[in-house]
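Numbering (the working numbering), first residue to last: 263 to 380. Here a beta-carbon is modelled for each residue, glycine too, at the ideal position from N, C-alpha and C.
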Amino acid sequence: MVFQEQFEEEPCFVISIAARMVGVHAQTLRYYERVGLIWPSRSVGKQRLYSPADIERLRRIKELTEDLGVNLAGAEIILKLLKRIDELEIKLNNTQETLTNLQNRVIRKPSVNNQKEA
263 MVFQEQFEEE PCFVISIAAR MVGVHAQTLR YYERVGLIWP SRSVGKQRLY
313 SPADIERLRR IKELTEDLGV NLAGAEIILK LLKRIDELEI KLNNTQETLT
363 NLQNRVIRKP SVNNQKEA
């Protein structure tokens, strides 16, 4: 899982390849960067490098704008909300796991009344 997360964040695609993967022009990617929708990494030579996570974000932007007719401002809001939902789901899962662990500890702990009767 950690390897997969590292791979998703690893910048590896130059702008021409990223544009082809998403199905847009390289100029579109430059524009998205200018308006703050995407933040590609840069190589030592200042060349834009896109990670698999960047490609997925670009595909979502394309789907929202081209397929669903959302403008870029709306797409940005939707992407922020989706990210927040992901964060909250992680927090909920962690909280549920903590609750389950606490419940298991309570179940395994002998009650005070049972100890007095013995």
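C-alpha distance - Glu-295 paired with Ile-352, whole-angstrom precision
The straight-line gap from Cα to Cα measures roughly 28 Å.
With a threshold of 7 Å on Cβ separation, who are the neighbours of Val-332 within its own chain once the five nearest residues in sequence on each side are excluded?
For Val-332, the CB contacts under 7 Å within the same chain, skipping 5 residues up- and downstream, are Leu-326 and Ile-340 in chain order.
Which residue marks the beginning of the beta strand (DSSP E) containing Leu-311, and which one marks its end?
Segment 310–312, the beta strand (DSSP E) holding Leu-311.
Contacting residues, own chain, Cβ-Cβ under 6 Å from Glu-272 (five flanking each side not counted):
Ser-313.
Taking a contact to mean a Cβ-Cβ separation below 7 Å, would you say Ala-280 touches His-287 in this structure?
Result no, Cβ atoms of Ala-280 and His-287 do not sit closer than 7 Å.
Since Leu-334 and Leu-299 are thought to touch, with beta carbons under 8 Å apart, how far apart are those beta carbons, to the nearest angstrom?
Right, their Cβ atoms sit about 7 Å apart.
Just verifying my parser: in three-state terms, what is the DSSP assignment at Val-276?
Looking at Val-276 - three-state DSSP - the assignment turns out to be strand.
Helix or strand or just coil, what does DSSP make of Met-263?
Because Met-263 carries a pLDDT of 49, less than 50, the predicted location of this residue cannot be relied on, and the following value inherits that uncertainty. If DSSP states are grouped into helix, strand and coil, Met-263 belongs with coil.
Please return the same chain residues whose Cβ sits closer than 7 Å to the Cβ of Ser-278, not counting the five positions on each side in sequence.
Excluding residues within five positions, the ones whose Cβ falls inside 7 Å are Ala-288.
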